[in-house]
Amino acid sequence: MVGAPPLASAPEGLAGGADAVMAQFQALMERFLETQRKVMLAYLQGAGAEAAATPTLAVSQQVAPAVTPLPASIPAPAVVTPEPAAVPAPPPVVPTPAAAAEASAPAPVERMTREQLTGELLRIVGERTGYPPEMLDLDVDIEADLGIDSIKRVEILGNVRRACIPNDVHVGEKAMEQLTTIKTLRGIADWLEKSVAGGSVETKDAAAPAPVEPPAAAPAATSGAPQAAQPTGEDELVVIPRSMLAVVDAPSLNAQAGRFAPDRVLLVTDDGRGIAQTVGDEVQALGGRVALVRHSGALGPSGQVEDGVYLADLTDPGSVARLVEQVRLVHGPLGGIVHLLPLAVREDFDAMDLAGWRAALARDVKSLFHLARAAAPDLTLAGTGSGACVLAATTMGGAYDDAPARRRPFFPGQGGIAGLVKSLALEWPGVHCKVVGLDAESAAALQAEQLLAELTAGDGLVEVGYHGAQRRIVQPRLSPHDVGSPARVTIDADSVVLVTGGARGITAEVAAELAERYRPTLVLVGRSPRPEPQESPATRELASPHGLKAALLEGMRQTGAPVTVAQVEAAYQRLVKDREIRANLARMERAGSRVRYVQADARDERAMRSLVEAIYREHGRLDGVIHGAGVIEDKLLEDKTPESFDRVFDTKTESAFVLSRILRADSLRFLALFGSAAGPFGNRGQADYAAANEVLNKLALHLGRTWPGRVVSLSWGPWQKTGMVTPELQREFAKRGIELISIPTGCRLFDQELRHGQRGESEVILAGGAWSAPRAETAATIAPARALPLLHGATFANGGGHVVEAVRTLDPAYDLYLADHSMDGSPVLPLAVATELMAELVQKSWPDLQVVGVRELQLLKGVVLENGPRPVRVIARAQVEPPPDRQGIDVNVEIRDASASGPVHYRATVEMAPELPEPPRFVAPDGTVLRPFPLSVGEAYRQWLFHGPRLQAITEIEGISERGSRAVLDASAPPPALRGQSHPRWLIDPVIFDSGLQLFLLWTRAQLDKTTLPSRFLRYRRFGSLSETKLRCHVNVLERSRDPLYYLDIAFVGPDGRLRGLLEGMEGTSSRALNRLVGAHAGRRPAAEAAGDSPSL
């Protein structure tokens, strides 16, 4: 069985989870990659000024009394950060101290020549790396040769930009993102030259961020009897929740027509059991086109063997590339991949050897990587609204059943398919990505039926499973330890523990903590050789990178041989690694542990088997194993080479399999596999790493049911390694919802997991910060009564639990209101509809709470449909800090262009609470005297408004004054705004909301003969539905308004005199030129739509 998209849960529900860099093994994982990218771009673009909080609009107190806040909630888990975020808008990035010192220096006014740019670049790089500029070759690899990690890039490129790019040159986000990934100094110089010249920058010379190598941890000694890890000092404030996975039933599906693009072909890999053939036939019956691909193996034939049927070695990237090209030539571009090869009959896992394991993973997982990589140009270009898809099937539907009698056999390696697909869903938001876990014991006909239903669902789920006919998802649920219970696993000075992953990084920190607490015998395995006991006198007393590199350079020059920067950097990196290994081993030995370091590759079954046998010969026991071997090479899937995928994927999966074969399960007390939250949730840029970690999770699940000892895979959130992250970046990560696990906290959590975790608890998520925000649900888990009509046809992805993304195609054929909101001949998305759309996504994603308000909404760039349907992306990101005035959460939302480099159209914060507040009684402003409005309602719509019939809810204008107006609004008056939905169940009701804005437009026409368009508002308070009954609408123009800028409050009042909604601080700009917009819909009244008529979006 498989899980839902990445979820962020409430304190009662979930502790799980979205830009940047990861350090060493497990140092910064999961959402760090995307956050680092955003931090870097914001820093380089000078986002501080742009992200500054907008001036707060004063709100008139005449409209209604203040609403009493809900009682304060129990404090959420504290996030220890130097400066918690104070505003919901994306915060400015605080530069590093070195950068801050130069931040005030103005950019050059005059454009530099290419020679000047190159000289300045080399000067800055040399200054920041310690290498003389004359040694820096423009073609050296920034990462491999100079050791510049992506955090150092922020510092260097920020200074380069300020020194070389004039203020009057605008550099867009796409160009800045290219700058952050350029691989060589020459590439940066090219970028600078084009930027200074005002040209666009397009370059293939790009690479993903490299891991950061932190300095050695400071040694620490301890004495006294062994004791359990206890929090001390500031660490007591950091709470990292513990979660496990729970099975939840999901609504069943039926196949739907209209999901396949007729001009694109669906590539289906054959399972050999008839399922692929059946699915292909049904797809064709529904209007799709299919190319069936059979895996031929390494020595088999390839090419087209009959009409629409192909042979290829799907484990070979070259063979897959040729296959995809041939399919394109015969059938046209690809519209999707349906990967059913994993459903083929296979060897039983328990009977596999390492060669069989490798072959199975290549067939099931790597083949999908090769196919997705080869098809990426077609699928990403097709994008939203095209039906582009990646669907992969596994036989893991019954993996999570608690009752042994209901469990189904499964192959743990297929977990890698899930991790890969979940990462693709984040990288390709416009492509419908889904992994389906089928019941291995179901009939082939039922499996084909279920696959077809999932393929055509468009429900936004990324991961579903089946037990028989029951459709299910898996959701993380909070599962704290009973720390008062007796320890289930104890470690003492007699224990022997094997640790893979070397004497560096997170596993070394955990091993050192075990040494200081319990003093066991530790056997550490790493690929690096053990360093000499003493460092060379030439560098022993040096600490700074500049000093060390200078000493190494001088020593190499004394040999008389030519010296390159790459040689110096390689020597420097070896020295730093040796220092850390030496310091960690010394720390463990000082603590009282017997420590043995063995140089070996954990994937080498012969070497590892010999080591385990030697441990038993020497000590007579092996009590536990901590498996931390792993590497990362972060790149988007299109940019990742097969060789890189193999290095990342194989290091974890092969070494874990080797352990499963060589360990003596009958006497082993625990096996702890160190994994990543990237596994259960996916991660952008880490498809290989997520896939590998999901294999570890499912391997632990399998072994945990058969081994007598405890087997657990720990999906860690990001760790903070000493020296890894600057204080400024720590602040930014905290503001963006990333809780870094401190080393003391992580070691304490591991200690608790060993002592109090139960057998059978095989997949554990340990992550905090935004991971523990209230649960973000997906489309399939919403109560049916909550229709949320604007999300009809949307596709969904989840960017790390507290981040949810929907892609919605605005189509006049379905969104009928668009034809009634045209400006200068083109349909324009109304601000009221944008508000509803943002609120609906948040309500759907956090269904246990209620939308109680929307604040600080900004219209940044209108959404204009000039050429028919237009997709937009709606991104919702829960804030880490709880709101100060109520229980619940605040969620930052943006409506963006569907393209990655497109603009932001709308931005707002949606407020959520456990329930709607009690509606207060409305009190009209004192001294309001209304006079008759000069036009009838019909005349007003014809002469002064541009809104067509579907947005006309004003039924009576009761009067107008110097400070406002009043009218009656009726939600039942206009024809349907959406095709096929005569009475949509709105969350706010954009027709009524917009009609309130129309009443203000009528006020400005009557008072000023100008048309006013809204641009932002301070807050909308929601007390109930605006659709329930006729409402009285009160517009109050605030005193600080000065033509052409007007501020107003709009109250929507029910028949009982109580507020249903209150719009505060709406801002609009008036212009007589905008009067041209009026009258486009005069005299037109559309016919009512037939109920149930639903378009294909």
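So for the sequence shown, this note's numbering puts the first residue at 22; every next one is plus one.
From the three backbone atoms N, C-alpha and C, an ideal C-beta is built for every residue, glycine too.
These numbers were taken from a predicted model, which means no experiment stands behind them.
Under the three-state reduction of DSSP, Lys455 is assigned to strand.
Annotation: Arg183 to His926 spans about 28 Å, alpha carbon to alpha carbon. Runs of the alpha helix (DSSP H) spanning 4 or more residues and lying entirely within the segment 294-376 occur at 296-306 and 338-352, in chain order. Counting C-beta pairs with one atom in each stretch, the segment 433-442 and the segment 700-716 have three or more that are closer than 8 Å, which means they touch. CA-CA distance, Leu886 to Leu680, rounds to 58 Å. Val161 and Lys204 have their C-alpha atoms roughly 8 Å apart.
Within the DSSP secondary-structure output, Met265 pairs in a beta bridge with Arg498. Beta bridge pairing from DSSP links Ser1036 with no other residue. Rounded to whole angstroms, Thr856 and Ala381 show a C-alpha spacing of 49 Å. Closest by C-alpha distance to Val863, out of Gly781, Asn888 and Val895, is Val895. Just so you know, the alpha carbons of Ala469 and His488 end up roughly 14 Å apart. For Phe771, the enclosing alpha helix (DSSP H) covers residues Ile764 to His777.
Judged by DSSP in its simplified three-state form, Gly1082 adopts strand.
Here Ala210 is buried. Its C-beta has 16 or more other C-beta atoms within 10 Å.
Ala464 carries a coil assignment under DSSP once its states are collapsed to helix, strand and coil.
Counting C-beta atoms within 10 angstroms of its own C-beta, Leu335 has 16 or more neighbours from the protein chains shown and is therefore classed as buried. Here DSSP, grouped into helix, strand and coil, assigns Gln588 to helix.
Looking at the DSSP output, Met844 bridges to Ser847. Here the C-alpha atom of Glu346 lies approximately 54 Å from the C-alpha atom of Ala564. The bridge partners DSSP lists for Gly1089 are Pro1035 and Tyr1067. Assigned with DSSP and collapsed to three states, His813 falls in coil, not helix or strand. With respect to Leu266, Arg498 sits close: the two C-beta atoms are nearer than 9 Å. Shortest Cα-Cα distance from Asn180 to any of Leu138, Leu157, Val531 and Ser549 involves Leu138. Per DSSP, the beta-bridge partners of Tyr927 are Leu880 and Ile916. By the CB criterion at 9 Å, Lys673 and Ala708 fall outside the cutoff. Within its own chain, the residues whose Cβ lies closer than 7 Å to the Cβ of Asp460, once the five positions on either side in sequence are excluded, are Gly418, Gly419, Arg429, Tyr487, His488 and Gly489, listed in chain order. In the DSSP assignment, Tyr487 falls outside any alpha helix (DSSP H) and lies within the beta strand (DSSP E) extending over Glu484 to His488.
When the five nearest sequence neighbours on each side are left out, the beta carbons in the same chain lying within less than 6 Å of the beta carbon of Val269 are those of Ile494 and Gln496, in order along the chain.
Contact between Trp378 and Phe678 holds: their C-beta atoms lie close to 5 Å from each other, under 8 Å. For Leu1098, the three-state secondary structure derived from DSSP is helix.
At a Cβ-Cβ threshold of 9 Å, Arg1079 and Arg942 count as neighbours.
A Cβ-Cβ contact shorter than 9 Å links Gly451 with Ala409.
Shown here, His648 sits in a strand according to DSSP, grouped into three states. Taking 9 Å as the cut-off, the beta carbon of Ser866 is found no closer than this to the beta carbon of Val785. Here Val950 is exposed, its C-beta having fewer than 16 other C-beta atoms within 10 Å.
Pairing Leu445 with Lys455, the inter-Cα distance amounts to about 9 Å.
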